[in-house]
Amino acid sequence: MRLMRGLVFGGVSLLPALFAGIAAYFLLGGSAGEDWDTWMYGPCYLIPGLIVGGSLFLGLREEGEIQQ
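Mapping to this note's numbering: the sequence shown position 9 is 147, numbers consecutive.
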């Protein structure tokens with residue numbers, strides 16, 4: 139159950155992570171016509187990767203028992 143929940147969380151967060159990466163790219167000064175630079179690894183790979191990885195981790199973590 140944890141693995142499936144983690145995969146669903148990671149899959150659902152993929153689209154918002156891509157939008158966050160695109161927004162960070164343009165906020166940091168990127169434009170559509172320039173050549174690839176090394177600073178683009180952060181907004182293009184690191185930010186979406188952290189968002190998807192974080193949501194995958196949140197889905198995989200163990201939940202405690204509910205006390206009634």
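Glycine included, each C-beta is placed from N, C-alpha and C at the ideal position.
Task: Proximity winner among Ala162, Arg140, Leu141, relative to Pro137 (alpha-carbon distances) - done: No statement about residue 137 is possible, as the shown extent of the chain runs from 139 to 206 and does not include it.
Open item on the list: Given this structure, state the Cα-to-Cα distance separating Met139 from Val150, to the nearest angstrom.
Closed with: 16 Å
- [ ] Just the C-alpha distance for Ala155 and Ser193, rounded to the nearest angstrom, thanks.
- [x] 10 Å
- [ ] Report yes if the CB atom of Gly180 is closer than 9 Å to the CB atom of Leu165, and no otherwise.
- [x] no
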